[in-house]
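For the sequence shown, the UniProt record's numbering assigns the number 1 to the initial residue and increments by one for each residue that follows.
Taking it in order: structure first as structure tokens, then the write-up.
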Amino acid sequence: CTLTNNSDRGKEGKAPVDAANPRANNVFGHIMHWHEEGADPAAARFKWDILVMAGRTDGDDPKAKGSMQGAAFGSPDGLSFDHQGVLWIQTDVSSSTINKKAYEGMGNNQMVATIPGTNEYRRFLTGPRGCEITGIAFTPDNRTLFINIQHPGEGGDDITDPANPRAVSNWPDASPNGRPRSSTVVITKADGGIIGS
């Protein structure tokens, strides 16, 4: 499961750091791995561990450091396994935070893939400005992937100006007269192969 972020963790009057939430001011979030008793998804008991602490792969600040190798990411939100066991992670960094302060230089929301146990994370796609990457579905043969681009053009702390709707983005059609619109993206490989291979 994902903890998208927990920037209040450890602050006075807020919940303290604990085993499941080991980082104070956790602006990047983390992903937990559940192990259901008896490998039964309906089990009432489970064990857990932290699969990955999201964050930066550069710099020396331990509060900002991710535990992954490869692509840095923050605010994990959507999770899905494909038919090959690859874990796909979709991010939802707030428009008021993206590319600012701790997130400076990390880019737009994205989708990252990993094979659990490898600790290697690879960026698969990056969304347009002001969007969240959300929703994921594969065809049974794993040759077509569907993802959603939600609220492209969201302006963060600024109210979007109806007279200038393209101030942040004009996704998906780049029309000079259009407005940014949510959409579903269909992804296939040029050679017709399996996504993620």
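A virtual CB, placed ideally from N, CA and C, is assigned to each residue, including glycine.
query	result
Tell me, please, which residues DSSP counts as bridged to residue 6.	26
Expressed to the nearest angstrom, what Euclidean distance is found between the alpha-carbon atoms of residue 68 and residue 30?	11 Å
In terms of residues, what are the limits of the beta strand (DSSP E) holding residue 112?	110–114
Tell me which residues share the same chain as residue 37 and place their Cβ nearer than 7 Å to its Cβ, disregarding the 5 neighbours each side in the sequence.	43, 45, 46
May I ask you to report which of helix, strand or coil DSSP gives residue 137?	strand
Since residue 78 is in the beta strand (DSSP E), which residue starts that stretch and which ends it?	76–81
Of all the options 145, 143, 52, which has the alpha carbon lying nearest to the alpha carbon of residue 118?	52
Suppose contacts are defined by Cβ-Cβ distances below 8 Å. Is residue 149 in contact with residue 182 by that definition?	yes
What residues in its chain sit with their C-beta under 7 Å from that of residue 184, if we drop five residues either side in the sequence?	146, 148
Nearest to residue 81 by CA position, among 17, 75, 89, is which residue?	89
Got a sec, what are the start and stop residues for the beta strand (DSSP E) residue 90 sits in?	87–91
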